[in-house]
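A.B. asks: Would you mind keeping the following structure in view while I ask a few things?
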Amino acid sequence: LATIGVFSRSGVDGYANNPMSDCLRADVAASLRPAALFGGDTLHWRAWEGLYAAVRDGHTAFDHVHGKPLFAALADQPELAATFQGLMAGGADYNAAILDACDLERARLLVDVGGGHGELARAALQRWPGLRAVVADRQDVVASQADTDRLSFVAADFFDTLPAGGDCYLLRFILHDWDDAPAAAILRTCRRAMRPGARLLVIEHLLAEQGGSTAALLDVSMMVLTGGRERSQRAYGALFLAAGFALERAVPTDGGLAVLAGVALAEKTL
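Numbering (this note's numbering), first residue to last: 1039 to 1308.
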């Protein structure tokens, strides 16, 4: 590790932290510790043994290796699930870059769909004092979280029902977990909970419309872990329209993500 710059040599037989290894500490901003712990866990890296089956047969590699989907496996391992939530939380700088691309100044109620332990929602509440937020996620995820005056947690299934009446519905790293049909079903659940004109914010990495893309490895990773996929802006536009939304714009963030902003179209059967 020292020879590739993760640690520095100190004296003859000693080693010391440096800016690279500091990223693995829990007490630093933008820590990558949860990513390293989750990536190094057997539940994660053994799933890649099923990559050939995923390419050959279309099966999700994780399911092929472990006999169950990723989120069902995480529900059986609370400690690893907490690490995974830490990975999804991002960090203060990461969340700030996302919120810089989200215009929530006029919103009064934000529904964070699949929002985990609410780190992004809390950051939004700090930035916009007039905002309230509801985090809707699985029961095993929200059970440990306590409501506050402006933030509440609701157990919900985004294939069934979500809290209604929000001004804005936000989905960060949700749709890329799913292939097109279930992703559209999630968006339709959002649409049923929304009035026409309410806003949708989808935060994801974007594939290039043509040629190579920095999101390509993530695309393979989603095929391995969840059976999902990364998408281009054009693909998200088609997905939005199929679920009753119009994609208005895609705003890049400093963290390499894009905030895809849409609006709920007039009522229709969904």
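Ideal placement from N, C-alpha and C gives every residue a C-beta, glycine not left out.
Counting along the chain, where does the beta strand (DSSP E) carrying I1241 start and finish?
C.D. replies: Taken as a continuous stretch (DSSP letters only), the beta strand (DSSP E) holding I1241 covers R1237 to E1242.
A.B. asks: Taking the beta carbon of V1093 as the centre, do at least 16 other beta carbons fall within 10 Å, making it buried, or is it exposed?
C.D. replies: Burial call: exposed.
A.B. asks: Taking the C-alpha atoms as reference points, what is the distance between E1140 and D1114?
C.D. replies: The sequence shown places Cys at residue 1140, not Glu. Near 34 Å, if we compare the C-alpha coordinates of D1114 and C1140.
A.B. asks: For the structure I just gave you, are there three or more beta carbon pairs, one from the segment 1124–1135 and one from the segment 1270–1290, closer than 8 Å?
C.D. replies: The segment 1124–1135 vs the segment 1270–1290: no contact.
A.B. asks: Give the DSSP-derived three-state secondary structure of T1199 in the structure shown.
C.D. replies: Reduced to three states, the DSSP call for T1199 is strand.
A.B. asks: Which residues in the same chain have their Cβ closer than 7 Å to the Cβ of S1251, if we skip the five residues on either side of it in sequence?
C.D. replies: Here the set comprises L1245.
A.B. asks: Does the Cβ of R1287 have 16 or more other Cβ atoms within 10 Å, making it buried, or fewer, making it exposed?
C.D. replies: It is exposed - the Cβ of R1287 has fewer than 16 other Cβ atoms within 10 Å.
A.B. asks: Roughly how many angstroms lie between the CA atoms of F1197 and A1174, to the nearest whole one?
C.D. replies: The straight-line gap from Cα to Cα measures roughly 12 Å.
A.B. asks: Taking the continuous alpha helix (DSSP H) assigned at P1290, which residues delimit it?
C.D. replies: From DSSP, P1290 is part of no alpha helix (DSSP H) but of the beta strand (DSSP E) over F1283 to P1290.
A.B. asks: If you draw a straight line from the alpha carbon of G1152 to that of A1091, how long is it in whole angstroms?
C.D. replies: If I take the Cα positions, the gap works out to 29 Å.
A.B. asks: Give me whichever residues DSSP pairs with Y1207 in a beta bridge.
C.D. replies: Y1207 pairs with V1149 and L1238.
A.B. asks: Between which two residues does the beta strand (DSSP E) holding F1191 run?
C.D. replies: Its beta strand (DSSP E) spans residues L1189 to A1193.
A.B. asks: Closest to A1181 by C-alpha separation, out of V1192, A1171 and V1172, would be which residue?
C.D. replies: For the residues V1192, A1171 and V1172, the minimum Cα distance to A1181 belongs to V1192.
A.B. asks: In terms of residues, what are the limits of the alpha helix (DSSP H) holding S1259?
C.D. replies: S1259 -> alpha helix (DSSP H) spans A1254 to L1263.
A.B. asks: Answer with buried or exposed for I1212, where buried requires no fewer than 16 other C-beta atoms within 10 angstroms of its C-beta.
C.D. replies: The residue in question, I1212, is buried, as its Cβ has 16 or more Cβ neighbours within 10 Å.
A.B. asks: Residue range of the beta strand (DSSP E) that L1298 falls in?
C.D. replies: A1296 to A1302 is the span of the beta strand (DSSP E), which, as asked, contains L1298.
A.B. asks: Can you list, in chain order, the residues of its chain with a C-beta nearer than 6 Å to that of R1170? Leave out the 5 residues immediately preceding and following it.
C.D. replies: Result list for R1170: L1147 and R1188, in chain order.
A.B. asks: Flag this pair as touching only if the segment 1128–1137 and the segment 1079–1088 have three or more C-beta atom pairs under 8 Å; answer yes or no.
C.D. replies: No contact exists between the segment 1128–1137 and the segment 1079–1088.
A.B. asks: Kindly indicate which residue of R1233, Q1183 and V1240 has the alpha-carbon position closest to the one of A1221.
C.D. replies: Of R1233, Q1183 and V1240, the residue nearest in Cα terms is V1240.
A.B. asks: Write down the C-beta distance between G999 and A1068 rounded to the nearest angstrom, noting that I regard them as a contact closer than 8 Å.
C.D. replies: Residue coverage of the chain in this structure runs from 1039 to 1308, which leaves residue 999 outside it and unanswerable.
A.B. asks: For the beta strand (DSSP E) containing A1171, list its first residue and its last residue.
C.D. replies: Element bounds for A1171: R1170 to D1175.
A.B. asks: Can you tell which of L1158, G1156, A1162 and A1110 has the C-alpha that lies nearest to the C-alpha of R1144?
C.D. replies: Comparing Cα positions, the closest option is A1162.
A.B. asks: Determine the direct distance from the alpha carbon of A1110 to that of A1304, and round the result to whole angstroms.
C.D. replies: For A1304 and A1110, the distance between alpha carbons rounds to 36 Å.
A.B. asks: Please check the pair A1296 and E1242, which I expect to be a contact at CB under 8 Å, by giving their CB distance rounded to whole angstroms.
C.D. replies: With a Cβ gap of about 7 Å, A1296 and E1242 count as contacting.
A.B. asks: Could you give the residue range of the beta strand (DSSP E) that holds R1047?
C.D. replies: Start and end: S1046 to S1048.
A.B. asks: In angstroms, rounded to a whole number, what distance separates the CA positions of G1323 and L1039?
C.D. replies: Because the chain here runs from 1039 to 1308, residue 1323 falls outside it and cannot be looked at.
A.B. asks: With DSSP as the reference, label S1270 as helix, strand or coil.
C.D. replies: Here S1270 sits in strand by DSSP.
A.B. asks: Which first and last residues belong to the beta strand (DSSP E) in which A1139 is found?
C.D. replies: Here A1139 belongs to no beta strand (DSSP E), and DSSP marks it neither H nor E.
A.B. asks: Do L1208 and D1292 have their C-beta atoms closer together than 9 Å?
C.D. replies: No, the Cβ-Cβ distance between L1208 and D1292 is not below 9 Å.
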